[in-house]
Structure formats: C-alpha cells, structure tokens
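A.B. asks: Submitted below is the structure of interest, expressed as structure tokens.
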Amino acid sequence: ELTPWIPVMAQRLNINFFLLPCCFYDFGGKKFTTKKHENQNDAYLNYVEQICQVLNFDVQRDKLRIPSTKAICFIGRRKNINMTGHSNDHQESISTYNARDQILKHFGIDLDCVTAEKETKQSSLMINKKTILQKTVKSDIALILFKYILQNGSISIPDAYNILPMNLKEQIKSEPGGLNSIIKSYKEIFLLSNNNIHIADPLENDMKQKLSKNGGNDQVMKNLKTKICFFHFYHPDGCPLN
C-alpha cells in the first residue's frame, strides 16, 4: 500500500530508490481504478512513473528475472546530487516545496497535510461524536422500553414510539430503519413478534447460540461475555445465566 509513497520518502530524504510495485493502491490506500478498456497493470505503472517524474527523479524502468507477473521495477535517481555525492540544501528545499505543489496539482494530495489536516480532524471528531451519540440514544431507548415491558408484558412498535421522550423521537428519525432497527440490534434483550416487543428469554438465546456454534449438537460451550449484561443491572431477578 506504500508504493506511491516510496518516491515521496526518497524525495524527502534526497536519496535514490528502487521500487517494485505489487498491489494497485493510490496515495489514500484505496484500490487504484482505471478507465474502461485500459490494462490495469500498465495504467498503474504509468501512474507510479508519473509520480516519480513529478518529484523530479530521473526514473527508469527495468524488468526483473523473477517468477512473477509483477516483474517491472523502477530505479529513481535524484537530479540534484552534486559531484561530491552530497545534496545541495538550498536546491533540496526548493525541490521539496515544488514537489508538494506538483503532487497537490496532479494528484490532489497534500504531502504536508496543510490543506487537509483541519478538515480531516473536524470530520473525524464529528464522526466520533455521532457514534457516541447513537450508542447513548439507543441504550436510553432500550432502558425505557425494558422497564415498561417488565411492568406491562409487551408493547407494540407504534406505542413504544409514543412513550419515548420528544428528544429521543427526534434522534430516531436519523436512524436507518427507525425504532424497528434499534429493537433488532438488542436481540439479547428484546423479542420482536407480530410487531410487538417482548422481553427476550436469555436462557433460550443462550441455547440457540450454543447450537449454532456447535453445528447443531448439544455440546456445552464455555460462555464468553462480550458486553455488560443488561439483565444483571436492570432486571429485578438479575441475570438468569449467573
């Protein structure tokens, strides 16, 4: 996945490089895509070669004598190495600045993350907040319905929606599948039957899980806890599996 970045790292260190491309990845770690009727391998080699040229390398192709379909390699030599074998610091600084602009211009990638860093951080923060909010909202809804069903035996989907506070109703609107989807995500707590919500039987769920994981036989499995038990904290009789 680092194929496009090898010339970049070599340019930053002002050194030569040898590169044997393998899998087709772009700068973002995504699969390199080609146009229709275009050979993917040839297109990717041209893509890598263009990166090398943009970064001011004297680049050459060679074919290795190896038992592989990916035998084409690149040899990149820096153009700004003086006769003593040392880099010219001033020229290197100019080259680095120009390389950043050229990569940004040709490939839309900012090597210094100056233009993208703020947006990326904000986007990541929004995603994290949304994820946390969704988990909190779902758990609040589950607890309200759980307590109601404990007292009343069951509740229909429409009635379940009606007993929720207004702020939770608003949050449900942004949930794909709505309240129905939230109920199904808590299958260890709720049983949905004929549009009515019931309290699930942990013993029955536990047995189904054992049969599923053991190919249909009754072999006893060791219970593995993957999350906090809802029944342990909120059911008056606690968890029946303890």
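In the UniProt record's numbering, the protein residues as written are 1 to 242.
Every residue gets a Cβ at the ideal spot worked out from N, C-alpha and C, and that includes glycine.
1. Look up Ser174 in the DSSP assignment and say whether it is helix, strand or coil.
2. According to DSSP, is Arg77 helix, strand or coil?
3. Helix or strand or just coil, what does DSSP make of Arg12?
4. Give me the Cα-Cα distance between Gln50 and His37, rounded to the nearest whole angstrom.
5. Would you identify the three-state DSSP class for Phe27, choosing helix, strand or coil?
6. Asp159 by DSSP, collapsed to three states: which one?
7. If you count every other CB in all the chains shown that lies within 10 Å of the CB of Ala71, and 16 or more means buried, which is it?
8. Identify, in the order they occur along the chain, each residue of the same chain with its Cβ nearer than 6 Å to the Cβ of Phe190, setting aside the five sequence neighbours on each side.
9. Around the Cβ of Thr33, are there at least 16 other Cβ atoms within 10 angstroms (buried) or fewer (exposed)?
10. Can you tell me where the beta strand (DSSP E) with Ile197 in it begins and where it stops?
11. Between the alpha carbons of Pro165 and Asp237, how many angstroms are there, rounded?
12. Should Thr3 go down as buried or exposed, given a rule of 16 or more other Cβ atoms within 10 Å for buried?
13. Note the first and the last residue of the continuous alpha helix (DSSP H) segment covering Phe233.
14. To the nearest angstrom, report how far apart Asn242 and Ile172 are at their CA atoms.
15. Between Val54, Arg61, Asn56, which has its C-alpha nearest Leu45's C-alpha?
16. Taking buried to mean at least 16 other C-beta atoms within 10 Å of its own C-beta, is Phe17 buried or exposed?
17. Ends of the alpha helix (DSSP H) at Leu19?
18. For Phe6, is the classification buried or exposed, using 16 other Cβ atoms within 10 angstroms of its Cβ as the cut-off for buried?
19. Where do the ends of the beta strand (DSSP E) carrying Leu164 lie?
20. Around the Cβ of His90, are there at least 16 other Cβ atoms within 10 angstroms (buried) or fewer (exposed)?
21. For the alpha helix (DSSP H) that Asp42 lies in, which residues bound it at each end?
22. For Lys63, write down the residues that DSSP places opposite it in a beta bridge.
23. What three-state label does DSSP hand Leu241 in the structure shown?
24. Would DSSP call Leu2 helix, strand or coil?
C.D. replies: Looking at the coordinates:
1. coil
2. strand
3. helix
4. 20 Å
5. coil
6. helix
7. exposed
8. Ile183, Ile197, Ala200
9. exposed
10. 196-199
11. 27 Å
12. buried
13. 230-234
14. 33 Å
15. Arg61
16. buried
17. Careful: Leu19 lies outside any alpha helix (DSSP H), inside the beta strand (DSSP E) at 17-19.
18. Going by the sequence as given, residue 6 is Ile instead of Phe. Per the 10 Å Cβ criterion, buried.
19. Note, Leu164: premise wrong, no beta strand (DSSP E); not H, not E.
20. Here His90 scores only 45 on pLDDT, less than 50, and its place in the model is too uncertain to base an answer on.
21. 40-54
22. Ile72
23. coil
24. coil
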